[in-house]
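S.K.: One structure is given below, represented as structure tokens, and several questions about it will come after.
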Amino acid sequence: MSGFVHDAWYVAAWSTELGAGMLARTILEQPVVLFRNTEGEPVALLDRCPHRLLPLSKGVLKGDTVQCGYHGLEFDCSGKCVRAPGQTRIPPEAKVRAFPVIEHMGMVWIWPGDPARASRDKLFDSLPQWALAQSGEATAGGCRWEVVSGPVMPVAGNYLLLSENLVDPAHVVYVHAASLGSAAMADIPIDTKQIGDTVLVSRWTPDAPASPILQRYGKWPGNVDRWQYYWLYPPHIAIVDFGAGPVGMGRGEEDRDAAVRLYSAHFMTPVDERNTLYFWFVLRNFAIGDKAVAADLLAQVTTTFMEDKVVLEAIQDAEDKPYAGTRVMLAIDSGSARLRRTVAKMVEKEQASAKAA
């Protein structure tokens with residue numbers, strides 16, 4: 037399947053990536069230059085001067101204007117050309133596209149599609165644990181959260197390869213054998229549901245050894261009950277709720293909060309059909325304030341996601357070969373199949389709407 041869903045919010049950068057200068061990114065095949073205005077608000081313009089097409093990011097940021105590095109044309113935060121050296125009349129077509137941008141959850145989000153359809157209420161906001169981690173407050177049951185995040189990870193693969201990896205508990209046994217996997221999980225059935233466009237894939241592994249990464253922090257003397265919940269918000273956001281607790285534990289929210297619990301949040305931003313910017317962070321409910329544990333968890337998770345990167349880039353390389361052939365579907369692929377069908381419908385609907393307009 038080709039094509040992108042343009043009418044959606046995508047992560048363009050971590051908030052910390054935007055400082056005093058400009059940042060060039062390609063998002064859904066569109067060159068974008070990001071910067072902060074003099075009020076500290078994020079701005080995103082098409083990274084292309086309409087005169088000779090030099091990327092504006094090769095120029096100079098002058099307060100609230102960007103000066104092209106070739107002939108000095110200057111553009112304000114709305115994309116309007118406000119100065120053309122050597123002439124007083126500025127051609128009306130001397131302008132660049134300005135994209136809607138919002139700062140949210142420590143990230144700068146961009147809307148690459150129809151700006152008339154962009155609204156804040158369409159932003160992803162389904163992870164209250166992140167807000168609790170920022171405020172330092174606890175849940176009603178006394179559970180606290182802390183977040184760690186790594187730098188943006190470029191992946192040489194289509195964003196849907198990453199998205200379907202994040203509705204696929206079955207790969208964990210083999211790709212992440214040294215961290216998240218456990219042989220006891222291999223033959224446990226996977227449950228798949230769909231709520232609107234959201235795909236939920238889950239699995240409980242009762243009375244089994246903890247995976248290496250969970251045992252590292254839980255230090256249980258014997259077996260545990262484990263869970264994995266993969267929430268995929270098409271086309272490009274995934275939340276994974278995973279953890280472990282005593283054998284026979286309940287499966288409710290408060291039960292999992294009382295165990296060793298982590299959330300990993302994943303945001304896939306397509307660069308083009310074969311490249312993706314991968315943003316992620318992890319929330320934990322244990323060892324709050326312990327910097328050594330935070331650093332260790334960051335290292336463990338980074339290694340784990342690098343394992344995914346190696347596999348997914350190899351798959352993309354194989355798919356690009358003329359002899360790639362077709363995929364064979366298995367029972368474990370129900371989440372992936374639902375994801376791809378849902379995204380295909382979203383792309384088809386958007387393209388039909390654009391054609392009608």
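Numbering (the working numbering), first residue to last: 37 to 393. Ideal Cβ positions, reconstructed from N, Cα and C, are used throughout, including at glycine. Just so you know, these numbers come straight off a predicted model, no measurement behind them.
Please report the distance separating the alpha-carbon of Cys117 from that of Leu109.
M.R.: Here residue 117 refers to the residue found at position 81 when the sequence shown is read from its first residue. Here residue 109 refers to the residue found at position 73 when the sequence shown is read from its first residue. If I take the Cα positions, the gap works out to 7 angstroms.
S.K.: Return the chain-ordered ranges of every beta strand (DSSP E) run that is complete within the stretch 60-104 and spans a minimum of 3 residues.
M.R.: Qualifying beta strand (DSSP E) stretches, in chain order: 66-72, 78-82, 96-98 and 101-103.
S.K.: Please list the terminal residues of the continuous beta strand (DSSP E) segment that includes Glu53.
M.R.: Indexing the sequence shown from 1 puts residue 53 at position 17. No beta strand (DSSP E) contains Glu53, which DSSP labels as neither H nor E.
S.K.: Indicate whether the contact test is met: 3 or more Cβ pairs, each with one atom in the stretch 282-292 and one in the stretch 220-234, closer than 8 angstroms.
M.R.: At 8 angstroms Cβ cutoff, the stretches do not touch.
S.K.: Given a cut-off of 8 angstroms on the beta-carbon distance, is the pair Gly39 and Gln352 in contact?
M.R.: Translated into the one-based positions of the sequence shown, residue 39 becomes position 3. Translated into the one-based positions of the sequence shown, residue 352 becomes position 316. Contact flag unset, no.
S.K.: So, under 8 angstroms CB-CB, Trp267 and Leu236 are touching, yes? Tell me the CB distance rounded to an integer number of Å.
M.R.: If you number the sequence shown from 1, residue 267 lands on position 231. If you number the sequence shown from 1, residue 236 lands on position 200. Confirmed, about 6 angstroms.
S.K.: Quick check: what's the CA-CA separation for Tyr253 versus Glu53?
M.R.: Your numbering for residue 253 matches position 217 in the sequence shown. Your numbering for residue 53 matches position 17 in the sequence shown. The alpha-carbon atoms of Tyr253 and Glu53 are separated by roughly 31 angstroms.
S.K.: With a threshold of 6 angstroms on Cβ separation, who are the neighbours of Ser185 within its own chain once the five nearest residues in sequence on each side are excluded?
M.R.: Your numbering for residue 185 matches position 149 in the sequence shown. For Ser185, where only same-chain residues beyond five positions count, the Cβ hits under 6 angstroms are Phe317.
S.K.: Could you compute how far the alpha carbon of Gln170 sits from the alpha carbon of Glu139?
M.R.: Walking along the sequence shown from the start, residue 170 turns up at place 134. Walking along the sequence shown from the start, residue 139 turns up at place 103. Roughly 15 angstroms between the two C-alpha positions.
S.K.: In terms of residue numbering, what span does the beta strand (DSSP E) encompassing Ser114 cover?
M.R.: Within the sequence shown, numbered from 1, the residue matching residue 114 stands at position 78. Ser114 -> no beta strand (DSSP E), and no H or E assigned at all.
S.K.: Quick one: Cα of Tyr106 to Cα of Val68, how far?
M.R.: In the sequence shown, the residue the question calls residue 106 occupies position 70. In the sequence shown, the residue the question calls residue 68 occupies position 32. So the alpha carbons of these two residues sit roughly 18 angstroms apart.
S.K.: Since Arg320 is in the beta strand (DSSP E), which residue starts that stretch and which ends it?
M.R.: As a first step, residue 320 is located in the sequence shown; it is residue number 284 there, counting from the start. That run of the beta strand (DSSP E) goes Asn311 to Arg320.
S.K.: Let's test the definition: count the other Cβ atoms within 10 Å of the Cβ of Val188 and tell me whether it reaches 16, buried, or not, exposed.
M.R.: In the sequence shown, the residue the question calls residue 188 occupies position 152. Buried, since its Cβ has 16 or more Cβ neighbours within 10 Å.
S.K.: What number of angstroms, rounded off, separates the C-alpha of Pro148 from the C-alpha of Ser247?
M.R.: Sequence index remark: in the sequence shown, residue 148 carries index 112 (1-based). Sequence index remark: in the sequence shown, residue 247 carries index 211 (1-based). For Pro148 and Ser247, the distance between alpha carbons rounds to 40 angstroms.
S.K.: What residue range does the alpha helix (DSSP H) around Ala373 cover?
M.R.: Here residue 373 is taken as the residue at index 337 of the sequence shown, counted from 1. Segment Ser370 to Ala392, the alpha helix (DSSP H) holding Ala373.
S.K.: So, at 7 angstroms on beta carbons, what are the nonlocal neighbours of Leu5 in its own chain, with the 5 sequence-adjacent residues on each side left out?
M.R.: With the chain running from 37 to 393 in the structure shown, residue 5 is simply not present.
S.K.: Tell me where the alpha helix (DSSP H) around Gly254 begins and ends.
M.R.: Here residue 254 corresponds to residue number 218 of the sequence shown, with the count starting at 1. Start and end: Pro248 to Gly254.
S.K.: Under the assumption that His302 contacts Leu202 (Cβ atoms under 8 angstroms), give the Cβ distance between them as a whole number of angstroms.
M.R.: Locating residue 302 in the sequence shown gives position 266, where the first residue counts as 1. Locating residue 202 in the sequence shown gives position 166, where the first residue counts as 1. Between Leu202 and His302 the Cβ distance is about 6 angstroms, and since that is below 8 angstroms, they are a contact.
S.K.: Run the CB neighbour count on Met143, radius 10 Å, all protein chains shown included, and call it buried at 16 or more, exposed below.
M.R.: In the sequence shown, the residue the question calls residue 143 occupies position 107. So Met143 ends up on the buried side.
S.K.: Leaving out five residues on either side along the sequence, give the residues of the same chain with a beta carbon under 8 angstroms from the beta carbon of Ala174.
M.R.: If you number the sequence shown from 1, residue 174 lands on position 138. Closer than 8 angstroms at Cβ, skipping near neighbours: Leu168 and Arg180.
S.K.: Ordered along the chain, which non-local residues of its own chain (more than five positions away) have a Cβ less than 7 angstroms from that of Asn73?
M.R.: Counted from its first residue, the sequence shown places residue 73 at position 37. Contacts found: Val79, Asp100 and Cys113.
S.K.: Which partner residues does Ser172 have in the DSSP bridge list?
M.R.: If you number the sequence shown from 1, residue 172 lands on position 136. Sequence inspection shows Gly at residue 172; the Ser mentioned does not correspond to that position. Answer by DSSP bridge pairing: none, since Gly172 is not bridged.
S.K.: Which value, in whole angstroms, describes the spacing of the CA atoms of Arg363 and Pro128?
M.R.: By 1-based counting over the sequence shown, the position of residue 363 is 327. By 1-based counting over the sequence shown, the position of residue 128 is 92. Computed Cα separation, rounded: 51 angstroms.
S.K.: Between the Cα of Asp233 and those of Asp243, Ala120 and Arg376, spot the shortest distance and give me the residue it belongs to.
M.R.: Along the sequence shown, one-based indexing puts residue 233 at 197. If we check each option's Cα against that of Asp233, Arg376 comes out closest.
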